[in-house]
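Here is the structure we will look at, set down as structure tokens.
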Amino acid sequence: MDGAGGGAPAPPAYAEVEELPEELAADGTTVVVGDPAAATTVRLYEDPRCPVVEEFEATGAPALREMTLRREAKTEYTLASFRDDRMGGDGSKRAVNALRAALDAGKFTEYHAVIFENMVVNELAGGYTTASLLKLADQVEGLRSETFDSAVTTMKYEDFVTASQKTYEAAGGDDPRGPGTPTVAINGTKVEGERHNWLFEKESFAALLASEHN
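End of the sequence shown sits at 214 in the working numbering; the numbers just go up one at a time, nothing left out.
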């Protein structure tokens, strides 16, 4: 039931990440995952080639996923690709393009997890390629299709990649071209200072999320 003890029953938690709603926001660059009515909004700025993001996804981020499954939070992703300029190649751009294609297929959340679970191996090999991104997609049931494969191969969402990077840069911050990755904002308040370290420990990040939960 609702918080007052009456009215319509509260909707049940999502059983699996496959059930999470996913959509592209009206701004054309923000990927939104979770119940649109969730009280807490967490914005993540991530670059697929960033090793610190990979660390966050393996440590603190599971607390956010659990909160999202309980309908307590929704996550807004801004996907950056600045690491290509620093590391060489175009792996970040290709990964962001592939993630956008996965969103069209309703598989963004699952593919996002696979991307970061395999980031280190792919980075050691020089970064994401068309072939490696398609191979990783095999790990997500129902993702591979002629439409998805074509979007990955042809960089169908190159304009999205460029626009998303510009959104990242417009967010400002200490990095010359943006806030740095990962940057996390909870209900519009950026997590910084000592609290930034809490992102990399599940229980600490869960406590931070709970303290900011409306």
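Glycine included, each C-beta is placed from N, C-alpha and C at the ideal position. Small disclaimer: the values here were computed from a predicted structure and weren't measured.
Reference residue i, options the options, closest by Cα
i	options	result
Glu123	Tyr111, Ser92, Glu146 and Gly106	Ser92
Phe103	Asp90, Ala206, Glu66 and Thr147	First, the amino acid is wrong: residue 103 is Leu here, not Phe. With distances taken between Cα atoms, Leu103 lies closest to Thr147.
Glu19	Thr129, Pro182, Thr109 and Ser164	Thr109
Asn11	Asp27, Gly34 and Leu24	According to the sequence provided, residue 11 is Pro. The question's Asn does not apply to it. Answer by Cα proximity: Gly34.
Val161	Ala39, Pro62, Thr153 and Ala80	Ala80
Thr68	Gly89, Thr59, Gly178 and Ala38	Ala38
Glu121	Glu54, Glu76, Gly142 and Gly172	A small correction: the amino acid at residue 121 is Val; Glu does not occupy that position in the sequence shown. Of Glu54, Glu76, Gly142 and Gly172, the residue nearest in Cα terms is Glu54.
Lys156	Leu99, Thr78 and Phe82	Leu99
Phe82	His213, His112, Tyr45 and Ala113	Tyr45
Arg49	Gly172, Lys202, Pro179 and Glu117	Glu117
Length of the line joining the Cα atoms of residue i and residue j
i	j	result
Ile115	Ala95	8 Å
Asp159	Ala185	25 Å
Thr41	Ala13	17 Å
Pro182	Thr129	22 Å
Thr189	Thr154	37 Å
Leu133	Lys166	23 Å
Pro21	Val140	16 Å
Presumed contact (8 Å Cβ cut-off) between residue i and residue j, rounded CB distance
i	j	result
Leu209	Leu64	7 Å
Ala151	Ala101	4 Å
Ala105	Leu143	6 Å
Phe205	Gly60	4 Å
Run of the beta strand (DSSP E) containing residue i, from where it starts to where it stops
i	result
Tyr111	Here Tyr111 belongs to no beta strand (DSSP E); instead the alpha helix (DSSP H) covers Phe108 to Glu117.
Val32	Val31 to Val33
Leu44	Thr40 to Glu46
Tyr77	Ala73 to Leu79
For residue i, the residue or residues it bridges with in DSSP
i	result
Asp175	Gly178
Glu22	Val33
Ala185	Arg43 and Lys190
Where the alpha helix (DSSP H) containing residue i begins and where it ends
i	result
Thr59	Note, Thr59: premise wrong, no alpha helix (DSSP H); not H, not E.
Ala101	Gly91 to Asp104
Gln165	Glu158 to Ala170
Ala210	Lys202 to Glu212
Min CB distance residue i to chain D below 8 Å
i	result
Glu123	The chain labelled as chain D is not found in the depicted structure, where only one protein chain is given.
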